[in-house]
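Chemist: The following block contains the structure, expressed as structure tokens.
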Amino acid sequence: MLDLLKSTFPLRGSSFIPGWIDNLTAPDVLFSWSYPIPFIGTQFHLLPFILGGVMFLQQRYMTPKNQPVTPETNTNKKMGNFMTAIFTLLFYTCPSGLNIYWISSTLLGILQQWFTASKLQKAPVKKLKRG
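All you need for the working numbering is the position in the sequence shown, starting with 1, plus 305.
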């Protein structure tokens, strides 16, 4: 997807939200300043932080609520939080089209999981008779 966004000429300059995401092949720029900040630079990109929030919601929703607290579950929770932060940093300079793709894919995964879980909870459980 990243190579597609970098090499496809018709996508260059394609706007998604005019005034904010004016080019799908470049990072979104919400606002900028003159003095560079380490790891951020001179521009603020909002989409990677939205992606981090969506990934955090996905992690919270996908974790079973009635799971007992064990060292493994604590490790999984810490790794999920760590990976959310890492993905936010990794996607900070990526094209906005890639961020939009990842956000929409994650949101659709959450919706699919919610829909599947709601259907499974409503489905009647049939008891088998031994005989």
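All C-beta atoms in this analysis are idealised placements derived from N, C-alpha and C, irrespective of residue type, glycine included.
Would the beta-carbon of F349 be found less than 8 Å away from any heavy atom of the ligand SAH?
Modeler: With respect to the ligand SAH, the structure shown offers nothing to examine, as it has no ligands at all.
Chemist: In the DSSP output, which residue or residues are listed as bridge partners for I391?
Modeler: For I391, which the question treats as bridged, DSSP gives no partner whatsoever.
Chemist: Output the distance between the C-alpha atoms of M360 and K432, rounded to the nearest integer angstrom.
Modeler: Distance between the alpha carbons of M360 and K432 is about 38 Å.
Chemist: Near G385, what residues of its chain come up, given a Cβ to Cβ distance below 6 Å and the 5 sequence neighbours on each side ignored?
Modeler: Excluding residues within five positions, the ones whose Cβ falls inside 6 Å are Q364.
Chemist: Alpha carbon to alpha carbon, how far is K383 from F321?
Modeler: Straight-line Cα distance between these residues: approximately 34 Å.
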